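In what follows, a structure is listed as structure tokens, so that the remarks can point back to it.
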Ligand SMILES: NC(=O)c1ccc[n+]([C@@H]2O[C@H](COP(=O)([O-])OP(=O)(O)OC[C@H]3O[C@@H](n4cnc5c(N)ncnc54)[C@H](O)[C@@H]3O)[C@@H](O)[C@H]2O)c1
Ligand SMILES: NC(=O)c1ccc[n+]([C@@H]2O[C@H](COP(=O)([O-])OP(=O)(O)OC[C@H]3O[C@@H](n4cnc5c(N)ncnc54)[C@H](O)[C@@H]3O)[C@@H](O)[C@H]2O)c1
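Residue numbers (the numbering used here), protein chains in the order written: chain U, -6 to 553; chain S, -6 to 553.
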């Protein structure tokens, strides 16, 4: 009864749309289509919660319903703790979740406090009321591959004419074939579990399947030669696939992997066994399973490195396969191929580019379709953005309040009014709301994973070139600056995704209600927020960031 | 040449007084009268710095000189890293110093980053440009004793008619006799070092000296009977003094101690030795010194506990004498008397009361004297505040830009316009600036140690009654809220005072330039900032805070 999802429509229960947006986004997190266990207030990611307790939840809602346009509500680890007069240009809600003083900043102390009801795990978008379900996954993979194409094949349209070889068609990895074909490329993906393959075929995430590697190669090479997109699921163990490719002296353009190599017992399958044989072995002799599994992983990484040596572009896709074979098989050269963040995401971050999302508060799908058109109209030259929007409309189903994810850059140098891409987009949407072409306000928010919003030495800030991975001044400045710029909700969290004590990160929401106040806020926040990405990476010495700063007139005082 | 102190006078080099205030306060930190090693950019507290390097310092100054009224400068660990358009009601400078992701939040990693030039230790007021020298010490002691008086002797005027027995007349402890007499009380302070006693007499921090305990007691009892303030330095070891007091069955009203008991070899003196005998022993046989020193400490604590048992009010004054004898002499009952923060400072924090300071940007001492008068006019009934102001004028010499420290509470319930005491004061000063009675703007700032601005389990948040000592959501919300309320500088630091990884704390400045904008900002910030103290302690369940919230109309959503 409590968690039926967000109120929809154009009537509001709060004093203004900014407060109403907070209320709807909080409830959207707990929509049964969106959140994982709304009955426990759990949104996603282990125990990532939207509020500390049902009591706290009720009081947040009550507070939001009466909050004035010049008041600010304070939420401390999912509990409303204060409410003060500020002003219109300030946020309506300020949130701090799971933050601990450094020496006590670990799971043990967190759990002690949690058991006393004094704290809550906010994850990234759970406690900041910005989770939108799994719609974001396909988009991140699409954008990562697009960046790989830009770097390595700058003269092609995306991945056109190239062949990507990967493995793993599970929950995350299943997005790979579609993400490749959306970038015009050809994909061969090894997967041992035929059921998984069939699921991808049914949902059009993958086009063909075969267990004959020669057939896979023939199909792939023919399509690549024609410049046609194609995806082929190859029913085979990844390590065996690489052995066969070497035998045939075939070298793909890109190699990567999304098998669940991070877990050698429950995630990864050893070569020489069918899935059911593997499951039997896992039950009866887990030790042998692990040994065989790690041996296979070693072959698998040798295969990737061999392809890299022969000219393929290789990267790890966040499954820790490098760490596994370095640790358990003493492979010295395991880390000779890079992780995906330093390789593909960081160059985007350097330019202030990151994933953001917008949500139609009306609940009306046609409002999102109108925004889809607006993005395409605004950026007629961004071909892969158009492909993304078209394919998303076609393939990605809405969950909860209709929403869309996309990546836009800073690039204010390209605009006569010196506006960033995100700002141009937000102002256009705000106009459409004002003109009544969109039926109710739209809220723009993002992941905590963004260009200038996170310090996370194991993921987003891994291997920064100056060694500043763990410096947390940056996310704090990000939150203070977006508060100064007039975001409507600002949040600061500890640990999301990588666990308590391992990261600090922030989020913000801007409500586009068609007013000139909203335009003012949008113009500023969508400059300061991606701008933090540019200056953070410029400070670390990244050339792309210094370039972007120069081209887009971003002030970097020590370099100006 | 670089560190000659702040520019003074009524002419400015920046675009506005808010930017000019930042520039002057930064330079004031580095005034040779104020900062400890300005040539190294070190302000105080070990290596607490004002800027990361001279290059960074120069660029901060250049940036401030051209910063517009709607721009915000970002300073990351003492280095200017960005500058963005915000708006007039937002801060002009945002600062984050020494913050690290939890798992890396320790001195080792800090020093590694420091050696690469990537971070700086900001201490509390050093990196936030709010240090004013040692003027603050006497005031903190005065206020602590005033609170002890309020709690234990509510019917007296302060400590009138009471006798306080303590020891240690060093750098900090030497403020005790004056702080007692300023509260109308009588003080007997044991000190083994006659030179120290003489220094206190010369500077009028203490009135009488003797080495005869019977004379000390006679003088003290006579003055107390008359209700006269009196301070007597007793040239004697503290442990011996307590033995003698017990023999005479004398019980004082208050007992405490500020010998340097935290250091058993270099700070504390063993009984049975003169100072020079002690120094000889320390050189020749440090092991025996430490044994004798700890034995004396044990007698000393037994003395304090005996007085407490017989009815005296006892508290530890931050010198860790309880910890020493618990650890090294297995005294089980050492912690039977409380520390001063939980005992006296926390009740003030519960009511949003904490130390803040204001600085005359003109450099003109008469401007501060005008503010002194204003405080007294505004709060005619606050007798101890009047005493403090009078004595400060008389005894506390200015260092750098003239400034004053004082404690005011929340207490908006007492005001017809629902303004807090700090807000009433700030608005009055702002009027005086507008009327030209004060020659240039005044900036109001504070210590990071304040009611709702710090998480520090070893000091300010030690032994919170709900166990939330290490929860750092609070200082983060404090910084975000003060940014929202329109403070002119906002800062967030890690570690000041207690070391990297041990605390998180914030500061803010508000520039009173006589404008209506300044009035608006002052009204809001001096509500939100002390208000955080009220709600933080209300959330932890402190009765005083819940009372203050009810009386002063502070919203505590879960209790409203
Ligand atoms: N890039 C990121 O940001 C990111 C984020 C989350 C997770 N990951 C990692 O990506 C990996 C995949 O995630 P998922 O959610 O798809 O996992 P999943 O467990 O749902 O899918 C893994 C798939 O790999 C297949 N597989 C296992 N071993 C194989 C082998 N040797 N050869 C061929 N197929 C094999 C399995 O049958 C399964 O279908 C995980 O390690 C995960 O931790 C990356
Ligand atoms: N309350 C706070 O917030 C706070 C802040 C800083 C320091 N402290 C602590 O307060 C203590 C005093 O600080 P300080 O700066 O005055 O130190 P200090 O070293 O300057 O002075 C200590 C004095 O105690 C005297 N002394 C030592 N042993 C004695 C004995 N047995 N009997 C009589 N006199 C004795 C010494 O002669 C000296 O004059 C320290 O332990 C310090 O850590 C408290």
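C-beta: ideal position from N, C-alpha, C; glycine also.
A quick note: this is a predicted structure, and the numbers were derived from the prediction, not measured.
Interface residues of chain S facing residue i [CB-CB closer than 8 angstroms]
i: residue 545/U; result: Neighbours of residue 545/U on chain S: none; closest Cβ ~12 angstroms, over 8 angstroms.
Beta carbon of residue i nearer than 8 angstroms to that of residue j
i: residue 271/S; j: residue 163/S; result: no
i: residue 167/S; j: residue 143/S; result: no
i: residue 216/S; j: residue 268/S; result: no
i: residue 155/U; j: residue 247/U; result: yes
i: residue 125/U; j: residue 172/U; result: no
i: residue 436/U; j: residue 422/U; result: no
i: residue 29/S; j: residue 36/S; result: yes
i: residue 2/S; j: residue 356/S; result: yes
i: residue 93/U; j: residue 465/S; result: yes
i: residue 231/S; j: residue 321/S; result: no
CA nearest to the CA of residue i, picked from the options
i: residue 234/U; options: 198/U, 361/U, 295/U; result: 295/U
i: residue 506/S; options: 370/S, 209/S, 5/S; result: 5/S
i: residue 79/S; options: 95/S, 60/S, 70/S, 90/S; result: 60/S
i: residue 339/S; options: 195/S, 62/S, 501/S, 453/S; result: 453/S
i: residue 176/U; options: 423/U, 64/U, 381/U, 346/U; result: 381/U
i: residue 158/S; options: 89/S, 7/S, 244/S, 398/S; result: 244/S
i: residue 528/U; options: 467/U, 480/U, 496/U; result: 467/U
i: residue 41/S; options: 114/S, 138/S, 30/S, 25/S; result: 114/S
i: residue 314/S; options: 153/S, 205/S, 260/S; result: 260/S
i: residue 406/U; options: 345/U, 395/U, 356/U; result: 345/U
i: residue 537/S; options: 368/S, 301/S, 336/S; result: 336/S
i: residue 279/U; options: 291/U, 262/U, 293/U; result: 262/U
i: residue 91/U; options: 490/U, 414/U, 274/U, 385/U; result: 490/U
Residues near residue i in its chain [Cβ-Cβ closer than 8 angstroms; skip 5 each side]
i: residue -6/U; result: With a pLDDT of 48 at residue -6/U, under the threshold of 50, the modelled position of that residue is not reliable, and no figure is offered here.
i: residue 478/U; result: 514, 517, 518, 520, 521, 522
i: residue 364/U; result: 351, 353, 397, 422, 425, 431, 435
i: residue 427/U; result: 507, 508
i: residue 533/S; result: 457, 458, 459, 461
i: residue 219/S; result: none
Cutoff 7 angstroms; reference residue i; Cβ partners in own chain excluding five residues on either side
i: residue 52/S; result: 73
i: residue 310/S; result: 249, 250, 251, 333
i: residue 475/S; result: 483, 501, 518, 521, 522
i: residue 15/S; result: 57, 85, 86, 122, 482
Contacts around residue i, its chain only, beta-carbon distance under 6 angstroms, and the 5 residues preceding and following it disregarded
i: residue 18/S; result: 122
i: residue 494/U; result: 98, 99
i: residue 525/U; result: 445, 471
i: residue 331/S; result: 308
i: residue 549/S; result: 528, 531, 542
Chain-ordered neighbours of residue i on chain U, where CB pairs are closer than 8 angstroms
i: residue 483/S; result: 473
i: residue 92/S; result: 464, 465, 466, 469, 497
i: residue 111/S; result: 459, 460, 461, 464
i: residue 524/S; result: 75, 77
Neighbouring residues, chain S, relative to residue i (Cβ below 7 angstroms)
i: residue 97/U; result: 450, 463
i: residue 528/U; result: 74, 75
Proximal chain U residues relative to residue i, where beta-carbon distance stays under 9 angstroms
i: residue 72/S; result: 532, 550, 551
i: residue 410/S; result: Within 9 angstroms Cβ-Cβ: nothing; residue 410/S doesn't reach chain U, min ~13 angstroms.
Closer than 7 angstroms at the beta carbon, the chain U residues around residue i
i: residue 84/S; result: 477
i: residue 67/S; result: 470, 474
i: residue 89/S; result: 466, 469, 470
Chain S contact residues for residue i, given Cβ-Cβ distances below 9 angstroms
i: residue 346/U; result: Near residue 346/U there are no residues of chain S at all, since even the closest Cβ is about 17 angstroms away, more than 9 angstroms.
i: residue 102/U; result: 463
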